[in-house]
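This report refers to the structure that appears directly beneath it.
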Amino acid sequence: MELSFRQRDLLDYIKWCVREYGRPPSYREMRQYLNVASDNVVFKYLNKLEEAELIVRDKGTARNIQIL
C-alpha cells in the first residue's frame, strides 16, 4: 500500500516521539503536529498506517500505538 506524504510524515513523527520520549504521541500532539483542526484526520491517517501493517493500536488504552 502506497502512503501519502502526510501519512509517512506522521509515521516518522510517531517514531521520533518513541525514540525521544519512550512513548508515542497523544492524538492531540499528532493533530497539532499535522496542523489540522479535527481528530478525524489523525484517525484516518492512523487507520491507513494500520492497514499497511506499519503500526498496531490497542483500542482500549491511551497512547495505544505500537510500531511494527
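The C-terminal position of the sequence shown is numbered 70 in this note's numbering, with every residue numbered one higher than the one before it.
The C-beta atom is built at its ideal place from N, Cα and C for all residues, glycine as well.
Residues Leu48, Glu52, Asn66, Ile67, Gln68 of the same chain have their beta carbon placed closer than 8 Å to that of Arg59, with the five preceding and five following residues left out of the count.
Taken atom to atom, the span from the alpha-carbon of Ile16 to that of Ser40 is near 18 Å.
Phe7 and Asp14 have their C-alpha atoms some 10 Å from each other. Contact annotation: Gln9 and Lys61 have beta-carbon atoms that are not nearer than 7 Å. Cα atoms of Trp18 and Arg25: separation of roughly 9 Å, rounded to the nearest angstrom.
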